[in-house]
Every structure is written in structure tokens, then in C-alpha cells.
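Worksheet: the structure to be examined is printed underneath.
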Ligand SMILES: [Zn+2]
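What follows is the structure, encoded as C-alpha cells:
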């Protein structure tokens, strides 16, 4: 008899996370304690439960100003080496407690320059935190780091070079984050060209707040390995009245090349990229066998975990253990670590974990 898909069983199942923001995943209690330590005066409340709710409501409000305010607070309290170490360690611990066995966590080092730290000091503090967090969980989880450049700022190449400089210290890739509309990925072609020349990996937030042109540029001009969100690829797919599906050339390219989609259902509903979980394009894209992965994006702002995302998908689409294993193997295949390490996790951790649940 397969194990029933209860929240606790979903939590125990091995999961792989590719799209999670460090500054979007703090514990409310930690935000409050760090604010107190550094004398940060702007938090809306110092009650942990109320603060957690405030973050979710602000992200839900449909107001970009309030949404950005949430990150002003989290980044505001992370402006020291000690804070970065602590937040990174706790992220590893929280993800491991949620049954995540491998995660790629991203952040933009330039957001912590106001602290007076150099970019190198920022990266080293976060790496120290991840290693500490991994050890604290008995190495139940492995964390890889992605460095983001902020799309609205100049100097993407500077961050790409930083990522390559720390590639042997656990930084395994690069991304651009921030406002998608108005800041196309082709603004920083030199960064992507540099990364390709260095045989480095990168993903690009595309097809969340902006549509097909953003996805097309990310793939065909920049050469991205994966798409952050990529939800709007459905704009290139039409369905006739008789139910037959037509896949356009770009969507066909994405599917045929197995370009991974880092889908973040709850976050997409909050930002309006999808109306509800049940209406999220993940259903269609999964039916059509795109390389779909499931992710959290910002655990604090969305009040979500990997387990709660899978529970929501189970409820909305009836996905069972076999589907959850498929999403998890998709994610592991799409990770930026070496193929030998990916295969080892698939064969030694993921498949045995699901075999037990399905037996
Ligand atoms: Zn994101």
C-alpha cells in the first residue's frame, strides 16, 4: 500500500529546490532579533507571528511598493557578516527540516554593500553560513549558491566574475533578479558571454512579469541554461475548441531542448503571473512534459515551504508520489552541480525515498 500523501509524508519525501532567494526566506523571529542587534528601526511589528503575516499580506497586496518594502526589511537587517552567516545557516536548516536534500539558494551580493563589506566578504560570509547549516543538519542537505545581479543596476559582469571567482567554493551559477519589464536580459550580454567563455552555468528570471520576448532573449541571445519561472511560455501555446494543442516555435524549442522551468506556484499567484494554483500553467506544462520543476521563490513572503507547494499541487491537480518524484528528478537533472553528483543523488537518495513511499 502506498503511503497516503499527508503533509507529514510529503515533508519526509526527498525534495530538490532550484529557485529560492536567501533574502526571501528568513525566519520572522530572526528578522526581529537581527533588527534589534543592529538597531534597525523600521520593522512594522516585533511580534514574530504578526510579522510573518505582515510579510505575506504585503506580498499579497498587489502593490509593488509594499512588495519591495518586504525585501527592504530583510536586506536591511542582513547588513553584517554575522547576520549573513546566521541567515544562510538557518536557511540550510529550515530546508533540511522540510525534507529538501539539495537546494540552490540565490541572492544579490550588491544588496549588502551598504554594510561596508566588500563583495568578497559578503560571499564568504554566506558560504560560511551554508557550510555551518549543512553541518548542523548532519549533512542531510547540500546547498549550492547562485549569485544574482540586479537587473536595474549596471555592472552585471562584475557579479558574473565574482561567481566564477568563487566557483570552487560552492558558488555554482549566476542569475539576474529584480524588475523584468524594462530591463531585458540583453542589457548585459557581456556578462553572459563571459560566463559561457568560462564554461559557467546561469539561469535567468524570465517570463514572470514580462512575456515571450523576455524568454526568447534569455535563451537565444544570452544562452541561459534554465528559466526562472518561465510561466509565460504558455503564451506560445494555444488550445482549439476541440482540445487540440498547438505549440509555437519558442515553446517547442524550450520543450525539445529540455530547458528547465523553475516554477514557483504560490509566488506566481501573489504577483499575478497566475490566477490561482489550480489555474497555474504548471498543469498544462506538466501534461505536455516540459522540464518542469517546483520551487518556493520566497518562503517568508509566500508563507510557503517545498512541502506546502507540493501539498497545494496535490490538491489542485491530484498529483501523486510518481508525479512528485518526476518533478524532483527533473530538478536534480537540471541542477548546476556535476552530472556524477546529480546521478548519485537521484539513484541513492531520491529514487529509494519515493520507492519506499510508493511501495
Ligand atoms: Zn525569483
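Residue numbers (UniProt numbering): 1 to 359. Even for Gly, the Cβ is constructed at its ideal location relative to N, Cα and C.
Here the alpha carbons of residue 47 and residue 328 stand approximately 36 Å from one another.
Residue burial is scored here from C-beta neighbours: residue 257 has fewer than 16 other C-beta atoms within 10 angstroms and is therefore classed as exposed. Not one heavy atom of ligand 1 is found less than 7 Å from the C-beta of residue 225.
Residue burial annotation: residue 155 is exposed, with fewer than 16 other C-beta atoms found within 10 angstroms of its C-beta.
The three-state reading of DSSP puts residue 246 in strand, counting E and B together. Burial is judged here by how many other beta carbons sit within 10 angstroms of a residue's own beta carbon; residue 330 has at least 16 and is buried. The Cβ-Cβ distance between residue 21 and residue 199 does not fall below 8 Å.
Distance from the CA of residue 17 to the CA of residue 279, rounded to the nearest whole angstrom, comes to 22 Å. Boundaries of the beta strand (DSSP E) harbouring residue 102: 100 to 107, taken from the DSSP string. Residue 140 sits in coil when the DSSP states are folded into three classes, being neither helix nor strand.
Rounded to whole angstroms, the gap between the alpha carbons of residue 181 and residue 3 is 44 Å. Runs of the beta strand (DSSP E) lying entirely within the region 155 to 243 and spanning at least 3 residues, in chain order: 171 to 177, 203 to 206, 226 to 229, 237 to 239. Taking non-hydrogen atoms of ligand 1 into account, the C-beta of residue 278 is found less than 7 Å away from none of them.
Each of 75, 99, 72 was checked against the Cα of residue 9, and the nearest Cα belongs to 99. Looking only at 209, 172, 167, 224, the smallest Cα-Cα distance to residue 186 is reached by 224. Between the alpha carbons of residue 350 and residue 304 lies a distance of about 22 Å. The DSSP-derived three-state label of residue 297 is strand. Residue 16: member of the beta strand (DSSP E) spanning 15 to 21, first to last residue. Judged by beta-carbon spacing, residue 126 lies within the 8 Å limit of residue 88, meaning their Cβ atoms are closer than that value.
At a Cβ-Cβ threshold of 8 Å, residue 273 and residue 217 do not count as neighbours. A check of alpha carbon separations from residue 140 across 85, 12, 38, 191 identifies 12 as the nearest. The distance from the Cβ of residue 336 to that of residue 144 is about 6 Å, consistent with a contact at the 8 Å cut-off. Distance from the CA atom of residue 306 to the CA atom of residue 59, rounded to whole angstroms, is 18 Å. Boundaries of the beta strand (DSSP E) harbouring residue 263: 261 to 263, taken from the DSSP string. Taking the C-beta atoms as reference points, residue 79 is found nearer than 8 Å to residue 115. For residue 32, the enclosing alpha helix (DSSP H) has its first and last residue at 28 to 38. Between the C-alpha atoms of residue 35 and residue 90 there is a straight-line separation of about 16 Å. For residue 297, the shortest separation between its Cβ and any heavy atom of ligand 1 lies below 7 Å.
Within 10 angstroms of the beta-carbon of residue 348 lie fewer than 16 other beta-carbons, which makes it exposed.
Taking non-hydrogen atoms of ligand 1 into account, the C-beta of residue 221 is found less than 7 Å away from none of them.
In the DSSP assignment, residue 148 forms a beta bridge with 175.
Taking the Cα positions, residue 68 is about 19 Å away from residue 19. With fewer than 16 other Cβ atoms from the protein chains shown falling within 10 Å of its own Cβ, residue 246 counts as exposed.
Distance from the CA of residue 269 to the CA of residue 322, rounded to the nearest whole angstrom, comes to 25 Å.
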